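Numbering (UniProt numbering), first residue to last: 1 to 821.
Backbone N, C-alpha and C fix where the C-beta goes; we use that ideal spot for every residue, glycine too.
As the structure is a prediction and not an experimental result, all values here were calculated from the model.
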Amino acid sequence: MNGQSYYRMAQWEKLQCLDTLHLQKLDELYSREEFPMDVRHYLAPWIENQDWVRAKQDPAVASVLFQVLLENMDNQHSRFVQEGESFLLQRNFRRFKQNFQRYQEQPCNLACVIQWFLGKEGEILQSAELAEQVQMLQVQPSTVETDNQRNIERKMAELKKKAQDMEHRVKSLEEQQDEFDFKYKTRMMEGNISEAERAEQTKILQYLLNRLDSFRKALLMEMDSLLDIAEELLTVLVREELVEWQRRQQKACIGAPENTCLNQLETWFTVEADCLFQLRKFLKKLDELSEKVTYERDPFKTKKPVLQKRVNDLLTTLLKSSFVVETQPAMPQGKGPMVLRTNVQFSVRTRLLVKVPELNHVMKVTVSIDREAPQMKGYRRFNVLGNSSKALNMAESLSGGMVADFRHLTLKEQKAGGGGKGVNDLSLSVTEELHIINFETVFDLHELRVTLEASSLPVVIISNSSQQQSAWGSVLWFNMLCSDPKNIGFFASSPAATWPQLGEMLSWQFLSTTKRGLDTNQLEMIAQKLFGKQQSYDTCRIPWARFSKETVPDTNFTFWAWFDGILVLVKNYLEDLWNDGLIMGFVSKGREKTLLKKKQMGTFLLRFSESIKDGGITFSWVEYFMDGKPNVRSVQPFTKVDLSQIPFSEIIRNFQILEAENVPENPLKFLYPNIPKDEAFGKYYTVKEGAQNPYLKYIKTKLVFVSKENTLEAKSPMNSLCDPEGTVPMNGLCDMHSNEASASDGGLSPSDALMSDLPDFLPIDTVGDMAPDPDTLEPSLCIPDVLFNDPMMISALNSAEEHVSSPDLAPFGLAFSTPLY
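Structure below.
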């Protein structure tokens, strides 16, 4: 490898063996136009063998690699033409090459693009490997599973050996038969011989015939024994291993850290198919031998047809079971697989687990939808658009698997005869209506023709992005509870889920979206929210309606909407803090108070809001009254609107309260249980000195969040520095006994909620880096100079520059300057 050891030749192959969720991340990565997946796939070995890090820094190296890349694309295009590959691939490669020509003058830019994509691939692999390590820690493989695999390997070795021995036995039989045939014909050609000689020759011929008959019977018994082993293996592969893989795939699609790689199953299916095809060849050879030499009670005449039917039946079953959907239908930017939107492209991959090089690019796979659709009024019908026919080929899989990768399919609803959703007999919503994508191909080899069919897991088809959350909830519920992949009427009478089932699935959502699942305490809080305080939640059950249709008491949103809102908030704004275990998250107010009241002053924890639909996070800390009694306080939750503008670590870092005598102080000292705040969050602090400061171009002041203890409605002159309209509080401070204010209740913004009837909420301001005008300050609100001399504050680039309020940031009341370019 040329200098760079990070990327390995097998990286692209490893990526293709990832579970469904990580494959979806790969699809999302290559949904960009800068570097097509087709180029990455067909030129994978060459791409991974180049030093792109050096190339992006050295124009000479970049120029050479640029020219070689174009040559390789020309060569690949020529192979497409010679092999009769699809017209679309040929046109695409020509277009890709034309697009790359724009890097002719700046090849380093192309090297930078390719290196960036390879780096992102590495991140996906690392994420998958970490999830696999977590799975190994959480779920150790059972001894029974290990023994099953050893047993399969042992049986496979026995089957292969018997097939090899069978070839020698057939050759030996042919030699014996040739000997008998030669002597018999010689005997018939001889003229006058004595009776004694005739008797002796007849005796020899009878001996040879008896030996031939015994050998034929023994060979047939060996074939029967071989078929016994093949049938036993087939039962294990189809009824156990394949079924277990399908269940693993179901669970992986909803976030479980399951291994869904098909390479091992493909090896087993291919070995068995090879042995059975060998046996068919041997049986055909027996027909030839029987035509040359036959006799009364010839075992070939009576037993061979039975064996022929048996081997054909086994092969048919094996082949029909070997055609599977390897990657379930998914949109590049969807919440998860099996949620499809009309007129939006989706991808899906089928695979034949029996590798047959002779059929490469021969077997055409066709796509359809709802081949066995229920005949019910109101059930929507769809058409599959795009390239709905593709050949199984080995080129799209570096492992050599027979795959058909459909990447640009779309669905369009049929308008005629649908009946409309309003008259659905089952009263199912759009997001409860399940559909199945069907695939069909024909296996035709060595006079064996078998029609193969495969089906996707049920998909939910939506027409609007606002339905994605509800649709993904349906996909989660179905794949958590249903083991029948064709049960499209599942939601007509959906079973309830036990808490262990639901809790595990909820943890998978965090584990697959981030790198950290839910621990026992977090799950217990969620269980308590759903079922109340219980000695044990193992027998508690939650129906489908309560999960996704009925609103949580005292709110206007469902449990699933609340949970998913938190998940999205964590993924978009809090992932690093969550992965490091800094966010306790799911903890009730009662438990929060219990945890904090015995800790030292300034101990705080981070928890999710229970009253905000789209996710909110707050922090609570403990103070002590003069008599030593603890007082747990918290701020109004921060939402995605807040966190999209200021990192949560900066909010924690700079939050302050105006204590007695108006001296601002940050009450947050130790993250629970006793970790110094800066030790826990220091590596996430983004405000740095000088040119390294990422906010320097946009923010003229240091963001210091100040809560004033003694006033709610008073208009502080300090606010006029930030907002000429006066105080627009970003957040609020409340005692533990106060109810959380929901920004979503009544359509109130966070600042509106503060101004409502919440006497314990106190406004929070920002403190600028410039000294306030003495003429505007009231004596009671004077702030010590030391606050404004903080060396960590950002110096203004231009003190005379006019302050403006960004419309996107107006609800915060922060001082922002016009961007400097």
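On the DSSP letters alone, give me the boundaries of the alpha helix (DSSP H) that residue 81 sits inside.
Here residue 81 refers to the residue found at position 81 when the sequence shown is read from its first residue. Residues 59-82.
Taking the continuous beta strand (DSSP E) assigned at residue 828, which residues delimit it?
As shown, the chain starts at 1 and ends at 821. That puts residue 828 outside it, with no answer to give.
Excluding the 5 residues preceding and the 5 following residue 790 in the sequence, name in chain order all residues of the same chain whose CB lies nearer than 6 Å to its CB.
By 1-based counting over the sequence shown, the position of residue 790 is 790. A caution first: residue 790 carries a pLDDT of 35, below 50, which makes its placement in the model too unreliable to give a value.
Excluding the five sequence neighbours on either side, which residues of its own chain have a C-beta within less than 7 Å of the C-beta of residue 90, listed in chain order?
In the sequence shown, counting from the first residue as 1, residue 90 sits at position 90. Excluding residues within five positions, the ones whose Cβ falls inside 7 Å are 77, 80 and 81.
Just to confirm before moving on: does the CB-CB distance between residue 345 and residue 446 stay below 7 Å?
The residue given as residue 345 occupies position 345 in the sequence shown. The residue given as residue 446 occupies position 446 in the sequence shown. For residue 345 and residue 446, no; Cβs fall outside 7 Å.
Taking 7 Å as the threshold (C-beta atoms), are residue 599 and residue 632 in contact?
Here the question's residue 632 lines up with position 632 in the sequence shown. Here the question's residue 599 lines up with position 599 in the sequence shown. No, the Cβ-Cβ distance between residue 632 and residue 599 is not below 7 Å.
Between the C-alpha atoms of residue 505 and residue 332, what's the straight-line distance to the nearest angstrom?
Along the sequence shown, one-based indexing puts residue 505 at 505. Along the sequence shown, one-based indexing puts residue 332 at 332. Our two residues, residue 505 and residue 332, have alpha carbons roughly 23 Å apart in a direct line.
What is the residue span of the beta strand (DSSP E) that residue 440 lies within?
One-based indexing of the sequence shown puts residue 440 at position 440. Unbroken beta strand (DSSP E) run through residue 440: 437-445.
Does the Cβ of residue 675 have 16 or more other Cβ atoms within 10 Å, making it buried, or fewer, making it exposed?
In the sequence shown, residue 675 corresponds to position 675, counting from 1. With fewer than 16 other Cβ atoms within 10 Å, it is exposed.
In whole angstroms, give me the CA-to-CA distance for residue 459 and residue 302.
Stepping through the sequence shown from its first residue, residue 459 is reached at position 459. Stepping through the sequence shown from its first residue, residue 302 is reached at position 302. The alpha-carbon atoms of residue 459 and residue 302 are separated by roughly 51 Å.
Under 7 Å Cβ to Cβ from residue 568, same chain only, skipping five residues before and after it: list those, please.
Sequence index remark: in the sequence shown, residue 568 carries index 568 (1-based). Closer than 7 Å at Cβ, skipping near neighbours: 615.
Under the assumption that residue 497 contacts residue 566 (Cβ atoms under 8 Å), give the Cβ distance between them as a whole number of angstroms.
As a working note, residue 497 is residue 497 in the sequence shown. As a working note, residue 566 is residue 566 in the sequence shown. Contact flag wrong, Cβ pair sits at about 19 Å.
Can you tell me whether residue 487 is helix, strand or coil according to DSSP?
As a working note, residue 487 is residue 487 in the sequence shown. Correct three-state label for residue 487: coil.
Where does the unbroken beta strand (DSSP E) through residue 455 begin, and where does it stop?
Looking up residue 455 in the sequence shown gives position 455. Unbroken beta strand (DSSP E) run through residue 455: 448-455.
Going by CA-CA distance only, name the one from 30, 677 and 439 that's closest to residue 324.
The residue given as residue 324 occupies position 324 in the sequence shown. Taking only the C-alpha atoms, the option nearest residue 324 is 439.
From 246, 231 and 456, pick the residue whose C-alpha is nearest to that of residue 434; which is it?
Numbered from 1 along the sequence shown, position 434 holds the residue referred to as residue 434. It is 456.
Starting from the Cα of residue 164, find the closest Cα among 184, 274 and 179 and give me that residue.
As a first step, residue 164 must be located in the sequence shown, where it is residue number 164. Among 184, 274 and 179, the Cα nearest to that of residue 164 is on 274.
Locate the alpha helix (DSSP H) running through residue 229, then write down its first and last residues.
In the sequence shown, residue 229 corresponds to position 229, counting from 1. From DSSP, the alpha helix (DSSP H) with residue 229 extends over 195-236.
Where do the ends of the beta strand (DSSP E) carrying residue 683 lie?
Position 683 of the sequence shown, counting from 1, holds the residue named residue 683. That residue, residue 683, is in no beta strand (DSSP E); it is neither H nor E in DSSP.
Starting from residue 45, trace the alpha helix (DSSP H) in both directions and tell me its first and last residue.
Reading the sequence shown from its first residue, position 45 is the one you call residue 45. Its alpha helix (DSSP H) spans residues 44-48.
With burial defined as no fewer than 16 other Cβ atoms inside 10 Å of the residue's Cβ, what is the status of residue 581: buried or exposed?
If you number the sequence shown from 1, residue 581 lands on position 581. So residue 581 ends up on the exposed side.
Closest by CA to residue 355, which one among 318, 583, 384 and 667?
Position 355 of the sequence shown, counted from the first residue, corresponds to residue 355. When only C-alpha atoms are compared, the closest one is 318.
Tell me residue 624's beta-bridge partners as DSSP assigns them.
For this step, residue 624 is matched to residue 624 along the sequence shown. Residue 624 pairs with 630.
Can you give the beta carbon distance from residue 348 to residue 327, rounded, assuming they're within the 8 Å contact cut?
What you label residue 348 is simply residue 348 of the sequence shown in a count that begins at 1. What you label residue 327 is simply residue 327 of the sequence shown in a count that begins at 1. Sure, about 6 Å apart at Cβ, within 8 Å.
Kindly list the residues whose CB is nearer than 7 Å to the CB of residue 109, restricted to its own chain and excluding five residues on each side of it in sequence; keep chain order.
The count along the sequence shown starts at 1 and reaches residue 109 at position 109. If the five residues before and after residue 109 are omitted, its C-beta is found closer than 7 Å to the C-beta atoms of 103, all from its own chain and listed in chain order.
Are residue 260 and residue 248 closer than 7 Å when you measure CB to CB?
In the sequence shown, counting from the first residue as 1, residue 260 sits at position 260. In the sequence shown, counting from the first residue as 1, residue 248 sits at position 248. Yes, the Cβ-Cβ distance between residue 260 and residue 248 is below 7 Å.
One question on the structure: do residue 352 and residue 392 come within less than 7 Å of each other, judged by their Cβ atoms?
Taking the sequence shown and counting its residues from 1, one reaches residue 352 at position 352. Taking the sequence shown and counting its residues from 1, one reaches residue 392 at position 392. Contact: yes.
Which whole-angstrom value is the C-beta distance of residue 155 and residue 222, which I expect to be below 8 Å?
Counting from one through the sequence shown, the residue named residue 155 turns up at place 155. Counting from one through the sequence shown, the residue named residue 222 turns up at place 222. Incorrect: roughly 16 Å between the Cβ atoms, too far for contact.
If you reduce the DSSP assignment to three classes, tell me which class residue 161 lands in.
If you number the sequence shown from 1, residue 161 lands on position 161. Reduced to three states, the DSSP call for residue 161 is helix.
Tell me the DSSP bridge mates of residue 459?
Residue numbering aside, residue 459 sits at position 459 when the sequence shown is read from its first letter. In DSSP, residue 459 forms a bridge with 435.
So, with DSSP's three-state summary, where would you put residue 612?
The residue given as residue 612 occupies position 612 in the sequence shown. Coil at residue 612, not helix or strand.
So if DSSP puts residue 393 in a beta bridge, which residue, or which two residues, is it bridged to?
The residue labelled residue 393 in the question sits at position 393 within the sequence shown. In DSSP, residue 393 forms a bridge with 403.
Comparing alpha-carbon positions, which option in 473, 256, 454 and 509 lies nearest residue 486?
Taking the first residue of the sequence shown as 1, we reach residue 486 at position 486. Distances from the alpha-carbon of residue 486 to those of 473, 256, 454 and 509 put 454 closest.
Just reading off the alpha helix (DSSP H) that residue 267 is part of, what are its end residues?
Here residue 267 refers to the residue found at position 267 when the sequence shown is read from its first residue. Residues 263-292.
Pairs of beta-carbons, one from the segment 31-41 and one from the segment 51-63, closer than 8 Å: are there three or more?
no
Since I believe residue 169 is in contact with residue 220 (beta carbons under 8 Å), could you give me their beta-carbon distance rounded to a whole number of angstroms?
Locating residue 220 in the sequence shown gives position 220, counting from the first residue. Locating residue 169 in the sequence shown gives position 169, counting from the first residue. In fact, because the Cβ distance is near 11 Å, the residues do not count as touching under 8 Å.
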